[in-house]
Amino acid sequence: MNDDRAIADYSRAEFDALRSRLMDARDTLRAGNRLLQSVARAYYVVYVTASYAAGKHGVKATHWRGRKEIVDQKFSP
Numbered sequence: 080m081n082d083d084r085a086i087a088d089y090s091r092a093e094f095d096a097l098r099s100r101l102m103d104a105r106d107t108l109r110a111g112n113r114l115l116q117s118v119a120r121a122y123y124v125v126y127v128t129a130s131y132a133a134g135k136h137g138v139k140a141t142h143w144r145g146r147k148e149i150v151d152q153k154f155s156p
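In the working numbering, the protein residues as written are 80 to 156.
Structural data, given as structure tokens:
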């Protein structure tokens with residue numbers, strides 16, 4: 080996905096495809112003994128799942144970007 084939408088705005092099919100790609104990448108990295116990269120990818124699987132579920136249930140997360148408080152579902156810099 081090269082668009083600028085929040086994960087919470089993805090359709091179920093888009094979310095499932097993204098999660099599947101991330102899990103495949105995690106497993107490939109683990110099999111190649113790239114454990115730190117595999118852990119990072121596993122974290123992203125959890126983040127994507129939580130972001131998608133939160134968006135579907137109307138939960139918004141507050142986070143900081145620089146010194147600015149942001150309340151949205153876009154966590155990229």
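Note that the Cβ used here is the ideal one computed from N, Cα and C, for glycine as well.
A straight line joining the alpha-carbon of residue 133 with that of residue 118 spans about 22 Å.
For residue 113, there is no enclosing beta strand (DSSP E), as DSSP marks it with neither H nor E. Note that the stretch 97 to 105 touches the stretch 119 to 129; at least 3 beta-carbon pairs, one per stretch, sit closer than 8 Å. Short of 7 Å from the beta carbon of residue 121, and not among the five residues preceding or following it, lie these beta carbons of its own chain, in chain order: 105. Annotation for residue 144: the continuous beta strand (DSSP E) segment containing it runs 141 to 144.
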